[in-house]
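Undergrad: All the letters of the sequence shown, read from the start, carry residue numbers 8 to 384 under my numbering.
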Amino acid sequence: MRTHKLTTVAAATLLAISLAPVAHAGAKLEITEDSFINLGAGIRTTASGTEDGSPNGDSWSTDFNVDNIRLYLSGQLMPAVKFTFNTEKIDGDIDVLDAIVQYEPSKEFNIWAGKMLTPADRIEMNGPFYALTWNQYTVPLYPSDQGGEAGRIGRDDGVTVWGAFDKFQYAVGVFDGLEGYSNQDDNLLFATRLSYSFWNMEGNPAYYTSSTYYGEAGDVLTLGVSAQYQEDGTGTATDGEDFTGYTADVLMEKVLSGGGVVTLEGEYKVFDADLSAATRASADCFCLFDGDAYFATAAYLFADPVGIGKVQPYVRYTSNSPDDYDDSDLTEVGVNYIIKGHNLRLNANYTTGDANASGYAAADDADSFSLGVQFQI
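1. What residues in its chain sit with their C-beta under 7 Å from that of T91, if we drop five residues either side in the sequence?
2. At the level of alpha carbons, what is the spacing between T270 and M85?
3. Given a threshold of 16 other Cβ atoms within 10 Å of its Cβ, counted over all protein chains shown, does N72 qualify as buried or as exposed?
4. Can you list, in chain order, the residues of its chain with a C-beta nearer than 7 Å to that of M123? Leave out the 5 residues immediately preceding and following it.
5. Please classify Y344: does DSSP put it in a helix, a strand, or coil?
6. Quick one: complete alpha helix (DSSP H) runs, 4+ long, within the region 204 to 229?
7. Indicate the three-state DSSP secondary structure (helix, strand or coil) for T199 in the structure shown.
8. Between E209, Y220 and L196, which lies nearest to G348 when the distance is taken from Cα to Cα?
9. Under the three-state reduction of DSSP, which class applies to S151: helix, strand or coil?
10. Short check: CB of S289 to CB of T243, under 8 Å?
11. Quick check: what's the CA-CA separation for W141 versus V380?
12. Measure from the alpha carbon of P147 to the alpha carbon of each residue in G180, L351, T325 and E209, then state which is nearest.
13. Can the beta-carbon of Q319 be found less than 8 Å from the beta-carbon of L308?
14. Out of curiosity, what's the CA-to-CA distance linking Y344 and G184?
15. Please state whether DSSP places F136 in a helix, a strand or coil.
16. Going by beta carbon distance, what residues of the same chain come within less than 6 Å of W67, once the five residues before and after it are set aside?
17. Does DSSP put H130 in a helix, a strand or coil?
18. Taking N350 as the reference, which of L36, D333 and Q383 has the closest Cα?
19. Going along the chain, which residues of its own chain have a beta-carbon closer than 6 Å to the beta-carbon of T53, five neighbours each way excluded?
20. Taking its Cβ as the centre, do 16 or more other Cβ atoms sit within 10 Å of D173, making it buried, or is it exposed?
21. Going by DSSP, what residue range makes up the alpha helix (DSSP H) through T286?
22. Is it true that the region 190 to 205 meets the region 233 to 243, where meeting means three or more beta-carbon pairs spaced less than 8 Å apart?
23. Given a cut-off of 8 Å on the beta-carbon distance, is the pair L139 and A306 in contact?
24. Distance, Cα to Cα, A300 vs P126?
25. When the Cα of Y357 is compared with those of S375, D70 and A364, which residue comes out closest?
26. I'd like to know if the region 270 to 280 and the region 241 to 259 are in contact, where contact means that at least 3 CB-CB pairs between them fall below 8 Å.
27. So what does DSSP say about F302, is it helix, strand or coil?
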């Protein structure tokens, strides 16, 4: 993956914007009647304890970690021409997360070019800040979330066409995908997401998603399907195979008469990356999950009659079934304390099992407990 470090000039520009006299509490810099720049930030931080796998089963390791720290910069040159530039902590450095030139002439047809989320399943389109659970990445992820050779943190360089017709939404993109390794012919990766909202239309920007709206979107029932394909998209330089992935996901959120909110989310995913055992054992293999996986989540948001925050307990179960390896699973039980939607929430959760984002069991079953804080502005 080609990385892009923030230059001194870019950092100085961000600082100048943050200090300039701007409207709306410093969040918006108006340049002309039709052009402006918006600035924001997001942080997720966690304190966790994990069973270390010792024979007596009573030894725990503890850790404090800043999971995400993001600067959001976006703007508009004229009504149909916009841009997005976001940063993230990647490998200990502040690096480019998104860098997008956006042509948005209508609700039905828009074009984005640059570094962006590849169209995929709901959990990847959420990002960590708009998830229902704190640990949503426990099923196998698409290539752009596999370490950098085919993109990073769900992003890749390419072009996406997206839009919506009433309650139907589409996003279709072409990306670099895996470069090198098995892809010696420089084949492109094709990605798409299609969704239909049977009840209220979800109100996210572009083709992004959320896994809960805390009842603020009313009744939601959306079915989404996604697919990605790249010729020679997995393997080594001497033994490559095509990669194909399919996902179906569903979100239901129902606002009850008493003010409570029921949220149900589920996903079923199939990856085809058929590699030999010898190839998978190679140190220079870009190996993707081969098999199927699913998860199911249920949550209930209690009403807040006094206006101090809402409590949302949830439970999630994940099952990963690779074709040539042992199955893995994970159960997460947690509670969100919602102070200001996705912009300010607290989380406590307990997990048990061995499933992870690779789709394979990386270790023996382990128990983990964490406390998390999420902030955005």
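Using N, Cα and C, we set each Cβ at its ideal position, and we do this for glycine too. Keep in mind it's a predicted model, so treat the numbers as computed, not measured.
TA: Straight from the coordinates:
1. S81, D105, I107 and Q109
2. Rounded to whole angstroms, T270 to M85 spans 38 Å at the Cα level.
3. exposed
4. So the list reads D105, I107, R162 and T167, once near-sequence residues are dropped.
5. strand
6. none
7. strand
8. Checked all of E209, Y220 and L196; the closest Cα to G348 is Y220.
9. helix
10. The answer is yes: Cβ separation under 8 Å.
11. 10 Å
12. T325
13. Cβ atoms of Q319 and L308: closer than 8 Å.
14. 38 Å
15. helix
16. G56 and E58
17. Checking the sequence shown, residue 130 turns out to be Ile, not His. Here I130 sits in helix by DSSP.
18. Among L36, D333 and Q383, the Cα nearest to that of N350 is on Q383.
19. N72, D74, S377 and G379
20. Exposed: under 16 other Cβ atoms inside 10 Å.
21. A284 to R287
22. yes
23. Taking 8 Å as the Cβ cut-off, L139 and A306 qualify as a contacting pair.
24. 19 Å
25. S375
26. yes
27. strand
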